[in-house]
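Last residue of the sequence shown? That's 470 in the numbering used here, and every number before it is there in order.
Structure, as structure tokens:
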Amino acid sequence: MKKTGVLLLQLGTPDSPKTSDVRRYLTEFLNDPRVIDIPWIARKILVNGIIVPFRAPKSAKIYKELWKLGDGVSPLLTHTKKVQSMLAEAFKNDHVTIEMAMRYQNPSMDSVLERMHQANYDEIIILPLFPQYASASTGSAVEKAMNIIRKWWVIPEIKIISQFWDNEGYIDSIVENTKQFNFKDYDHVLFSYHGLPERQVDKVYEGTDLCADEPCETELNDRNKFCYKATAFATTRLIAQKIGLTSDQYTVCFQSRLDKKWLTPFSDKVVEEWGKKGAKKLLVFSPAFVADCLETLIEIGEEYQEIFEEHSGEKVQLVPSSNSHPLFVNGLEKLIRQKMN
């Protein structure tokens, strides 16, 4: 029987909410050319000279709040470790080892892949925990892994799961998490995905084609199957169909933008607009994040709540991420077994 190693990859988290650790994390993260895709000199000046020095102290305060919500640790790390543990239990009789690493900071990909190298696996399955493909997330994680593996003298069979937005377990875990809410209590539903620069989305297409030239909001085809915007809308349609939402009951939007040339509509502006319309309660999904983190618990759960209240709204209710939901873990198990076969 084949000896298989599975590598779960998440984006990353500071080692602690201390300013020095947050600075280290932001420096590594924002210097990634797949994250900020501008000439390297301009990126170094922008990140090291402007963004990190000013942003690290402010971000450290936010991470301290996040750590409180996570009982003194990073919620992202906690949930990812739990998923790793549950998958290890599912594969305990299959000659399969489940490893976990972060693209940025710890546990580092270098240290975990070195351990996997020493284990001498017949095959390694790389599973970035990003349901919708994006160069800045999945692409970066896979590139980093391959840059490490290419230095090995013996390279085993490598298999990559690039995206899993339509995985039944992933979708069902989100749907299951909504059963605690009564949709009649909410004026509108938001599906908030992490934003991306429009230029990064357009790079998926060949030649002069752009995302705007494709029916990304209504249809998935062979040309836009790796388009982040297209798969975000496709994910939303699957969830909405299972829940029974009609298209007029929800809005797909994008959060965490850095400038105006990112995917629209912007989530914070949508929240503001619904407050101005007189809405009192909003229900917000965050399907791009399989584990609750700063972008869900703080940005949506607290910052959007403040925005909504400033415009006469009452409650922004966050739907929990998949986290370590058994349906989600079962879906990942099936993905891995499919790759093994």
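Glycine residues also receive a C-beta, built at the ideal position from the N, C-alpha and C atoms.
Closest Cα partner of residue i within the set the options
i           : options               : result
residue 398 : 301, 239 and 434      : 434
residue 136 : 308, 252 and 334      : 252
residue 151 : 166, 403, 188 and 140 : 188
residue 450 : 165, 350, 174 and 212 : 212
residue 226 : 352, 250 and 243      : 250
residue 383 : 179, 394 and 281      : 394
residue 430 : 407, 186, 147 and 198 : 198
residue 273 : 300, 297, 234 and 310 : 234
residue 325 : 315, 337 and 396      : 396
residue 293 : 361, 214 and 181      : 361
residue 314 : 193, 446, 336 and 186 : 446
residue 282 : 208, 256, 309 and 246 : 246
residue 381 : 388, 368 and 387      : 368
residue 366 : 414, 343 and 385      : 414
residue 159 : 374, 179, 193 and 346 : 179
Sequence-distant residues of its chain with Cβ nearer than 6 Å to residue i (five each side left out)
i           : result
residue 444 : 410
residue 257 : 138, 267 and 270
Residue i in three-state terms, based on DSSP
i           : result
residue 208 : helix
residue 268 : helix
residue 170 : helix
residue 380 : strand
residue 256 : strand
residue 363 : helix
residue 152 : helix
residue 233 : strand
residue 158 : helix
residue 277 : helix
Cβ-heavy atom distance, residue i to the ligand GDP, below 7 Å
i           : result
residue 351 : The ligand GDP is absent from the structure shown, which contains no ligands of any kind.
Cutoff 7 Å; reference residue i; Cβ partners in own chain excluding five residues on either side
i           : result
residue 132 : 224, 250 and 251
residue 205 : 139, 142, 420 and 422
residue 372 : 304 and 307
residue 191 : 423 and 427
residue 364 : 260, 261, 294 and 416
residue 286 : 251 and 252
Span of the beta strand (DSSP E), counted from its first residue to its last, around residue i
i           : result
residue 414 : 410-414
residue 288 : 286-289
residue 320 : 317-323
Close-in-space but distant-in-sequence residues of the same chain around residue i (CB under 8 Å, 5 per side omitted)
i           : result
residue 340 : 327, 330, 331, 333, 334, 353, 356, 358 and 359
residue 296 : 260, 460, 461, 463 and 464
residue 418 : 323, 424, 425 and 450
residue 310 : 412, 446 and 448
Enclosing alpha helix (DSSP H) for residue i [first to last residue]
i           : result
residue 137 : Residue 137 -> not in any alpha helix (DSSP H); beta strand (DSSP E) instead, spanning 133-142.
residue 240 : 238-248
residue 182 : 181-198
residue 306 : 297-306
residue 402 : 396-405
residue 329 : 327-331
Residue ranges of each beta strand (DSSP E) run of no fewer than 3 residues wholly in the segment 428-468, ordered along the chain? 444-447
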